[in-house]
Amino acid sequence: MYRYETHLHTVESSLCGVTPGSEYPRIYKERGYDGIFITDHFYGGNTRPSRDLPWDKYVDEFMKGYEEAKKVGDEIGLKVFFGLEENFEADEYLIYGIDREFLLSHPGIRNWTREQMLEWVHEAGGAIVQAHPFRDRYYVKKIRLFKDGVDGIELINTANTPNDNKAAVAYARKFDLYVQAGSDTHDKETIGDYNAGIVFDTPIESTQDYAKRIINDERPGVFYPKSIIENFTDVEVKLPVEIYNNGKWESVDVSEVYKWVEEAKDA
């Protein structure tokens with residue numbers, strides 16, 4: 048079995064990152080991982096490079112965390128893959144299967160919509176996974192479930208609360224969604240406490256390979272601390288919820304979400 052981290056931030060490219068990209072590969076290799084995806088916050092999110100830079104310079108700066116990690120990964124035999132995390136209105140998306148050339152050739156990303164993200168990434172053969180879909184934070188005004196747009200969701204994000212994760216599990220089970228798990232690591236000091244990720248029987252060869260597996264619904268195993276979803280009691284959704292169905296956003300009554308949770312208890 049081959050183990051991978053799917054959600055990881057560096058100090059070079061994410062404003063909230065703490066650890067340099069070069070320090071992650073050895074830690075993850077020691078913990079039995081076969082590869083990691085660097086998914087720093089991109090233009091719409093908590094990105095570190097200045098948005099005032101010319102587009103090519105912004106892309107150069109943004110790639111630094113990944114490039115530093117990959118140098119070390121290549122030296123020690125740990126696969127390091129490129130990805131990114133994009134933000135709209137506090138709903139965030141992990142994108143796999145794209146590269147520097149894609150970014151450079153799409154300067155319109157600075158103003159893209161969710162729908163354009165879907166179109167451009169899919170045209171390039173990439174895949175999109177909604178990160179922590181039920182995250183509840185002070186800056187989140189609404190839960191937006193991009194069900195008919197994305198290729199999958201983050202089932203478990205160990206940097207988020209058990210409540211958020213349980214709601215995501217219920218959502219995934221209700222609609223039989225492609226799922227992955229990840230640690231959303233920002234600081235190397237948390238890796239031991241929040242180990243999570245995916246497993247495949249065959250090694251992932253590239254970010255494009257992983258995107259293809261997502262699109263083809265080749266579902267991985269997921270691993271995470273089992274204490275996160277030991278039971279489904281006390282799940283609470285405080286924010287309004289919208290879901291993307293048939294090309295439009297529709298309100299979902301919270302009582303409907305609680306029905307998903309009840310169904311998940313019996314699954």
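The sequence shown: position 2 = 49 (the numbering used here), numbered continuously.
Every residue gets a Cβ at the ideal spot worked out from N, C-alpha and C, and that includes glycine.
No experiment lies behind these values; they were computed from the predicted model shown.
> Can leucine 55 and histidine 88 be called in contact, C-beta distance under 8 Å?
Replying inline: For this step, residue 55 is matched to residue 8 along the sequence shown. For this step, residue 88 is matched to residue 41 along the sequence shown. No, Cβ-Cβ distance for leucine 55 and histidine 88 is not below 8 Å.
> Does the segment 96-109 come close enough to the segment 193-213 that 3 or more CB-CB pairs lie under 8 Å?
Replying inline: no
> Per DSSP, tryptophan 167 is paired with what?
Replying inline: The count along the sequence shown starts at 1 and reaches residue 167 at position 120. For tryptophan 167, which the question treats as bridged, DSSP gives no partner whatsoever.
> Where isoleucine 200 and isoleucine 123 are concerned, what is the direct C-alpha to C-alpha distance, given to the nearest angstrom?
Replying inline: Within the sequence shown, numbered from 1, the residue matching residue 200 stands at position 153. Within the sequence shown, numbered from 1, the residue matching residue 123 stands at position 76. Approximately 31 Å between the Cα atoms of the pair.
>> Given this structure, state the Cα-to-Cα distance separating isoleucine 156 from aspartate 264, to the nearest angstrom.
In response: The count along the sequence shown starts at 1 and reaches residue 156 at position 109. The count along the sequence shown starts at 1 and reaches residue 264 at position 217. A straight line joining the alpha-carbon of isoleucine 156 with that of aspartate 264 spans about 27 Å.
>> Taking 8 Å as the limit between beta carbons, can you name the residues of its chain near valine 308, skipping five residues before and five after?
In response: Translated into the one-based positions of the sequence shown, residue 308 becomes position 261. Lys213, Ala214, Ala217, Phe279, Val282.
> Considering only the beta carbon of each residue, do threonine 53 and alanine 116 sit closer than 8 Å?
Replying inline: As a working mapping, residue 53 is identified with position 6 in the sequence shown. As a working mapping, residue 116 is identified with position 69 in the sequence shown. Contact annotation: threonine 53 and alanine 116 have beta-carbon atoms that are not nearer than 8 Å.
> Counting along the chain, where does the beta strand (DSSP E) carrying valine 288 start and finish?
Replying inline: Your numbering for residue 288 matches position 241 in the sequence shown. Per DSSP, valine 288 belongs to the beta strand (DSSP E) from 288-292.
> My guess is that valine 269 and leucine 202 are in contact by the Cβ rule of under 8 Å, so how many angstroms apart are they, rounded?
Replying inline: What you label residue 269 is simply residue 222 of the sequence shown in a count that begins at 1. What you label residue 202 is simply residue 155 of the sequence shown in a count that begins at 1. Going by Cβ atoms, the distance from valine 269 to leucine 202 rounds to 6 Å, so yes, they are a contact pair.
>> What would DSSP say about glutamate 252, mapped onto helix, strand or coil?
In response: One-based indexing of the sequence shown puts residue 252 at position 205. Reduced to three states, the DSSP call for glutamate 252 is coil.
> Exposed or buried, what is serine 60 when buried is set at 16 or more other beta-carbons lying within 10 Å of its beta-carbon?
Replying inline: Sequence index remark: in the sequence shown, residue 60 carries index 13 (1-based). Serine 60 should be labelled buried.
>> Quick check: what's the CA-CA separation for serine 69 versus threonine 237?
In response: If you number the sequence shown from 1, residue 69 lands on position 22. If you number the sequence shown from 1, residue 237 lands on position 190. Going from the Cα of serine 69 to the Cα of threonine 237 covers about 16 Å.
> In terms of residues, what are the limits of the alpha helix (DSSP H) holding valine 226?
Replying inline: Counting from 1 along the sequence shown, the entry for residue 226 is found at position 179. In the DSSP assignment, valine 226 falls outside any alpha helix (DSSP H) and lies within the beta strand (DSSP E) extending over 226-229.
>> For the pair the segment 122-142 and the segment 173-186, tell me if three or more CB-CB distances fall below 8 Å.
In response: yes
> Candidates Thr254, Ser274, Pro72, Lys189: which alpha carbon is nearest alanine 174's?
Replying inline: Along the sequence shown, read from residue 1 onward, the residue named residue 174 stands at position 127. The candidate whose alpha carbon is nearest that of alanine 174 is Thr254.
>> According to DSSP, simplified to helix, strand and coil, what is glutamate 132?
In response: Counting from 1 along the sequence shown, the entry for residue 132 is found at position 85. Residue state, collapsed to three classes: strand.
> Roughly how many whole angstroms lie between the Cα atoms of arginine 73 and glycine 64?
Replying inline: Against the sequence shown, residue 73 aligns to sequence position 26. Against the sequence shown, residue 64 aligns to sequence position 17. Between the alpha carbons of arginine 73 and glycine 64 lies a gap of roughly 18 Å.
>> I need the boundaries of the beta strand (DSSP E) containing tryptophan 296, first residue and last residue.
In response: Position 249 of the sequence shown, counted from the start, is the residue given in the question as residue 296. Per DSSP, the continuous beta strand (DSSP E) segment holding tryptophan 296 begins and ends at 295-299.
> Is leucine 151 buried or exposed, if buried means 16 or more other CB atoms sit within 10 Å of its CB?
Replying inline: One-based indexing of the sequence shown puts residue 151 at position 104. Exposed: under 16 other Cβ atoms inside 10 Å.
> Alpha carbon to alpha carbon, how far is lysine 235 from asparagine 242?
Replying inline: As a first step, residue 235 is located in the sequence shown; it is residue number 188 there, counting from the start. As a first step, residue 242 is located in the sequence shown; it is residue number 195 there, counting from the start. When rounded, the distance between both Cα atoms is 11 Å.
>> I need the DSSP call for phenylalanine 89, collapsed to helix, strand or coil.
In response: Here residue 89 refers to the residue found at position 42 when the sequence shown is read from its first residue. In the structure shown, phenylalanine 89 sits in coil (DSSP, three-state: anything other than H, G, I, E or B).
> Along the chain, where does the alpha helix (DSSP H) that runs through valine 246 open and close?
Replying inline: If you number the sequence shown from 1, residue 246 lands on position 199. No alpha helix (DSSP H) contains valine 246, which is instead part of the beta strand (DSSP E) from 244-247.
>> Rounding to the nearest angstrom, what Cα-Cα distance links proline 67 and aspartate 300 in this structure?
In response: Walking along the sequence shown from the start, residue 67 turns up at place 20. Walking along the sequence shown from the start, residue 300 turns up at place 253. Straight through space, the alpha carbons of aspartate 300 and proline 67 are spaced by roughly 42 Å.
>> With distance defined between alpha-carbon atoms, name the residue in His153, Gly239, Thr86 nearest to asparagine 134.
In response: Here the question's residue 134 lines up with position 87 in the sequence shown. Among His153, Gly239, Thr86, the Cα nearest to that of asparagine 134 belongs to Thr86.
> With C-beta atoms as the reference, is tyrosine 71 less than 8 Å away from arginine 50?
Replying inline: Numbered from 1 along the sequence shown, position 24 holds the residue referred to as residue 71. Numbered from 1 along the sequence shown, position 3 holds the residue referred to as residue 50. Their beta carbons are not under 8 Å apart, which means tyrosine 71 does not touch arginine 50 by this criterion.
>> Can you find the residues in the same chain that come closer than 6 Å, C-beta to C-beta, to phenylalanine 84, ignoring five residues on each side of it along the sequence?
In response: The sequence position of residue 84 within the sequence shown is 37, counting from 1. For phenylalanine 84, where only same-chain residues beyond five positions count, the Cβ hits under 6 Å are Thr53, Phe128, Gly130.
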